[in-house]
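Residue numbers (numbering that gives the first Met the number 0), protein chains in the order written: chain L, 0 to 309; chain W, 0 to 277.
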Amino acid sequence: MKDGPTRDAYGQALIDIGANDPRIVVLDAGVSDSSRSKKFGDKFPDRFFNMGIAEADMVCTAAGLATTGKVAFATGFACFLLGRTMDQILVSVAYSNTNVKLVGTHTGLAVGEDGPTAQMIVDIAYMRAMPNMIVVQPADWEETVQATRALAEYKGPAYFRLGRPKVKGIFDSSYKFNIGKGRVVKKGSDLVIFATGIMVQESLTAMEMLEKDGINPTLVNISTLKPIDRDLIIEMASSHKAVITAEDHNYIGGLGDAVGEVLLDAQISKPFKRIAVKDHFAETGTGPELFEKYGLSANHIAHAVRDSLR
Amino acid sequence: MNESPLTIPDITQLKKTALELRRLALKIIFQAGSGHPGGSFSAADLMAALFFGGILDHDPSNPDDPKRDRFLLSKGHATGIYYSVLAKAGYFPESDLEGYRKINSARFLSGHPHPKTPGIEIASGSLGQGLSVGHGIALGTRLDGYDSKVYVILGDGELHEGQIWEAAMSADKFKSNNLIAIVDYNKVAQDNITRDLKDLEPLEDKWNAFNWDVHRIDGHNMKAIMDVLQLPLHPEKPRVIIADTIKGKGVSFMEGKTAWHGVAPSQEDYDKALKELV
Numbered sequence: 000m001k002d003g004p005t006r007d008a009y010g011q012a013l014i015d016i017g018a019n020d021p022r023i024v025v026l027d028a029g030v031s032d033s034s035r036s037k038k039f040g041d042k043f044p045d046r047f048f049n050m051g052i053a054e055a056d057m058v059c060t061a062a063g064l065a066t067t068g069k070v071a072f073a074t075g076f077a078c079f080l081l082g083r084t085m086d087q088i089l090v091s092v093a094y095s096n097t098n099v100k101l102v103g104t105h106t107g108l109a110v111g112e113d114g115p116t117a118q119m120i121v122d123i124a125y126m127r128a129m130p131n132m133i134v135v136q137p138a139d140w141e142e143t144v145q146a147t148r149a150l151a152e153y154k155g156p157a158y159f160r161l162g163r164p165k166v167k168g169i170f171d172s173s174y175k176f177n178i179g180k181g182r183v184v185k186k187g188s189d190l191v192i193f194a195t196g197i198m199v200q201e202s203l204t205a206m207e208m209l210e211k212d213g214i215n216p217t218l219v220n221i222s223t224l225k226p227i228d229r230d231l232i233i234e235m236a237s238s239h240k241a242v243i244t245a246e247d248h249n250y251i252g253g254l255g256d257a258v259g260e261v262l263l264d265a266q267i268s269k270p271f272k273r274i275a276v277k278d279h280f281a282e283t284g285t286g287p288e289l290f291e292k293y294g295l296s297a298n299h300i301a302h303a304v305r306d307s308l309r
Numbered sequence: 000m001n002e003s004p005l006t007i008p009d010i011t012q013l014k015k016t017a018l019e020l021r022r023l024a025l026k027i028i029f030q031a032g033s034g035h036p037g038g039s040f041s042a043a044d045l046m047a048a049l050f051f052g053g054i055l056d057h058d059p060s061n062p063d064d065p066k067r068d069r070f071l072l073s074k075g076h077a078t079g080i081y082y083s084v085l086a087k088a089g090y091f092p093e094s095d096l097e098g099y100r101k102i103n104s105a106r107f108l109s110g111h112p113h114p115k116t117p118g119i120e121i122a123s124g125s126l127g128q129g130l131s132v133g134h135g136i137a138l139g140t141r142l143d144g145y146d147s148k149v150y151v152i153l154g155d156g157e158l159h160e161g162q163i164w165e166a167a168m169s170a171d172k173f174k175s176n177n178l179i180a181i182v183d184y185n186k187v188a189q190d191n192i193t194r195d196l197k198d199l200e201p202l203e204d205k206w207n208a209f210n211w212d213v214h215r216i217d218g219h220n221m222k223a224i225m226d227v228l229q230l231p232l233h234p235e236k237p238r239v240i241i242a243d244t245i246k247g248k249g250v251s252f253m254e255g256k257t258a259w260h261g262v263a264p265s266q267e268d269y270d271k272a273l274k275e276l277v
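Next comes the structure, spelled out in structure tokens:
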């Protein structure tokens with residue numbers, strides 16, 4: 000199992016995939032050193048297009064490239080990649096159904112000190128609401144590598160949500176990522192936690208704390224937020240007494256809502272708590288400090304579990 | 000000027016074709032009861048030259064040929080003329096135009112373009128995106144080693160969108176000389192004359208400052224249009240053709256009128272217009 004930031008894993012995966020697949024082209028909006036797409040550019044300069052700080056132009060250029068049979072990975076900081084381009088994504092990517100992968104790095108409060116203009120907390124909501132768009136957020140290095148490959152093979156628009164900080168390895172090479180499939184990370188009893196991205200790691204830390212008190216919830220990794228693994232969610236929610244969702248994203252329109260929609264549609268009524276940003280902007284501070292102050296840390300998850308089982 | 004390898008029908012024939020396209024565009028807008036006649040007519044001569052003057056290297060029977068030249072209508076509201084051109088060029092039967100702006104349209108002839116319609120590369124309808132998309136296509140075909148050209152028709156009001164100038168910088172950076180923008184400079188937008196919304200002048204200076212190969216022509220002079228479209232590519236600069244046009248060109252009571260941006264003619268106006276389009 001390999002530790003490291005998911006953005007780093009993406010940068011490495013692009014090179015490996017690009018070496019054997021000439022259809023892969025990569026675009027960046029002037030942040031390729033941070034988004035890690037630069038490595039691809041150094042290796043395959045003909046297939047790398049740094050569009051400067053012009054996200055709208057980048058997204059539509061990617062769409063144009065896609066119409067010529069390329070698989071276009073348009074990479075940037077999630078805040079600006081999506082925030083400045085909702086219309087471009089809707090018309091030239093989603094509605095036109097072009098083979099563009101929007102890769103947003105630096106997501107959530109985990110970004111830390113750069114503050115709320117750099118902490119993207121509404122991107123899952125944006126992208127889930129867009130017809131034709133799928134949404135994937137990997138939890139660790141291995142899953143990022145496999146998901147990058149899967150998205151290169153998948154034909155159609157996708158949003159790939161990556162993070163800035165280092166995360167612990169959760170999966171080894173025996174893991175098999177599939178678009179649309181969740182995965183039970185740890186089988187327990189009583190309560191099920193559905194987590195996505197960095198919150199899988201945070202949930203595992205919470206579970207270590209709970210284990211000392213003899214509490215062993217089940218943890219499920221939901222890496223495809225759309226289309227969501229409805230069958231697994233129904234199966235897991237039905238076989239546990241309570242449900243918790245965990246995401247580094249606003250609580251409107253993200254994982255919590257997506258799981259809640261599945262449960263409501265299936266008429267499954269369970270105690271239900273959402274660990275998420277509570278519809279406000281955060282502030283500057285380190286990622287862990289913000290997680291503690293804004294309710295996303297392992298402590299908060301552990302507390303929510305205890306509270307649900309009381 | 001290099002001699003074009005393509006057959007060039009004579010100017011008189013092209014003018015006749017443009018007239019037929021205007022009649023067809025007005026007919027489908029009239030039948031639909033909605034649409035954009037003004038911007039369709041200002042672009043009619045430019046599009047007639049591109050599609051029927053032997054400029055666009057394409058084959059409607061093989062619309063996915065990766066080596067084809069591409070055409071993008073960035074000012075996507077002018078579907079009246081666009082669909083008429085595509086039908087006449089053979090992408091689908093003219094009878095399918097009956098589905099224009101109607102539910103369950105056989106060729107997905109929506110108010111604004113979508114690639115479900117044969118001959119259309121990408122959706123448009125939100126202004127400002129087409130030049131970037133066209134540039135992406137220009138980069139992609141170049142990567143594949145083809146000498147395809149990409150023609151993008153822009154509206155003049157559309158140049159208010161900042162993204163156009165992002166794309167202008169990008170095409171200069173990548174020396175995308177196979178990208179050819181044509182500004183349908185009809186001086187009139189939905190709300191007002193373009194100059195009063197936000198003046199574009201000095202427009203040639205703007206494109207020159209972005210390091211494009213700039214040409215300015217009368218967009219209703221078929222000879223001038225054909226001459227500029229037959230110029231060999233600039234060795235490295237992308238090209239912009241600023242075509243001075245008249246909104247509603249061809250129908251006296253529509254010409255230069257904001258009111259004819261986005262309304263269909265009444266039966267009376269339709270009959271009157273057809274009498275002029277001869």
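Ideal placement from N, C-alpha and C gives every residue a C-beta, glycine not left out. Please read these numbers as outputs of a predicted model, since none were measured by experiment.
Using 10 angstroms around the beta-carbon of H279 (chain L), count the other beta-carbons present and answer buried if the total reaches 16, otherwise exposed. exposed
Test item: CB-CB of D139 (chain L) and G168 (chain L) under 8 Å: yes
On a Cα-Cα basis, can you pick out the residue from L:D27, L:K38, L:D7 and L:S33 that is closest to A18 (chain L)? L:K38
Comparing alpha-carbon positions, which option in W:M225, W:I28 and W:V187 lies nearest L158 (chain W)? W:V187
Could you tell me whether the Cβ atoms of G218 (chain W) and Y184 (chain W) are closer together than 8 Å? yes
Residue from L:P137, L:E210 and L:P216 whose Cα sits closest to the Cα of I197 (chain L): L:P137
Residue(s) in a DSSP beta bridge with A245 (chain L): L:A194 and L:I274
Are any of the Cβ atoms in chain W nearer than 8 Å to that of G63 (chain L)? yes
Any beta carbon of chain L sitting closer than 8 Å to that of V239 (chain W)? no
Report yes or no: do three or more beta-carbon pairs, one from the region 13 to 28 of chain L and one from the region 68 to 81 of chain L, lie closer than 8 Å? yes
Mapping the DSSP letters down to three states, classify Y174 (chain L) as helix, strand or coil. coil
Excluding the five sequence neighbours on either side, which residues of its own chain have a C-beta within less than 6 Å of the C-beta of R160 (chain L), listed in chain order? G103, T106 and Q136
Could you name the residues that DSSP lists as bridge partners for D183 (chain W)? W:G154 and W:A242
Starting from the Cα of R182 (chain L), find the closest Cα among L:T285, L:V219 and L:E207 and give me that residue. L:V219
Is there a Cβ from chain L that is less than 8 Å from the Cβ of Q128 (chain W)? yes
Short of 7 Å Cβ to Cβ, which residues in the region 134 to 146 of chain W face chain L? H134, G135, I136, L138, G139, T140, L142 and D143
Could you tell me the distance, in whole angstroms, from the CA atom of A77 (chain L) to the CA atom of R163 (chain L)? 11 Å
Close-in-space but distant-in-sequence residues of the same chain around E267 (chain W) (CB under 7 Å, 5 per side omitted): none
Would you please verify whether the beta carbon of D15 (chain L) is less than 8 Å from any beta carbon of chain W? no
Under the three-state reduction of DSSP, which class applies to M208 (chain L): helix, strand or coil? helix
To the nearest angstrom, report how far apart G129 (chain W) and L26 (chain L) are at their CA atoms. 18 Å
Taking the straight line between their C-alpha atoms, what separation do you get for P234 (chain W) and M168 (chain W)? 17 Å
Can you find a CB in chain L that lies within less than 8 Å of the CB of H113 (chain W)? yes
How would you write the range of the alpha helix (DSSP H) that D146 (chain W) sits in, first residue to last? Element bounds for D146 (chain W): n/a, residue is neither H nor E.
Please list, in chain order, all residues of the same chain as D95 (chain W) whose beta carbon is under 6 Å from its beta carbon, the five residues on each side excluded. A105 and R106
What first and last residue would you give for the beta strand (DSSP E) that runs through K318 (chain L)? Past the edges of chain L, shown from 0 to 309, lies residue 318 (chain L), and the structure says nothing about it.
Chain L residues whose Cβ lies nearer than 7 Å to that of E120 (chain W): T66
Less than 8 Å between the CB atoms is what I'm expecting for D44 (chain W) and I224 (chain W), so what's the real figure, rounded? 6 Å
Given a cut-off of 8 Å, decide if K14 (chain W) and G38 (chain W) are closer than it, judged by their beta-carbon atoms. no
My output table needs one value for A28 (chain L): the three-state DSSP class, helix, strand or coil. coil
Just the Cα atoms here: how many angstroms apart are Q118 (chain L) and A245 (chain L)? 17 Å
Delimiting residues of the beta strand (DSSP E) encompassing N298 (chain L): That residue, N298 (chain L), is in no beta strand (DSSP E); its alpha helix (DSSP H) goes A297 to L308.
Is A257 (chain L) near R127 (chain L), with beta carbons less than 8 Å apart? yes
Proximal chain L residues relative to V132 (chain W), where beta-carbon distance stays under 8 Å: C59, T60, A62, G63, T66 and S91
Under 8 Å by beta carbon: chain W residues contacting Y94 (chain L): H113 and A122
Check whether the region 77 to 90 of chain L and the region 49 to 61 of chain L touch, using three or more Cβ-Cβ pairs below 8 Å as the test. yes
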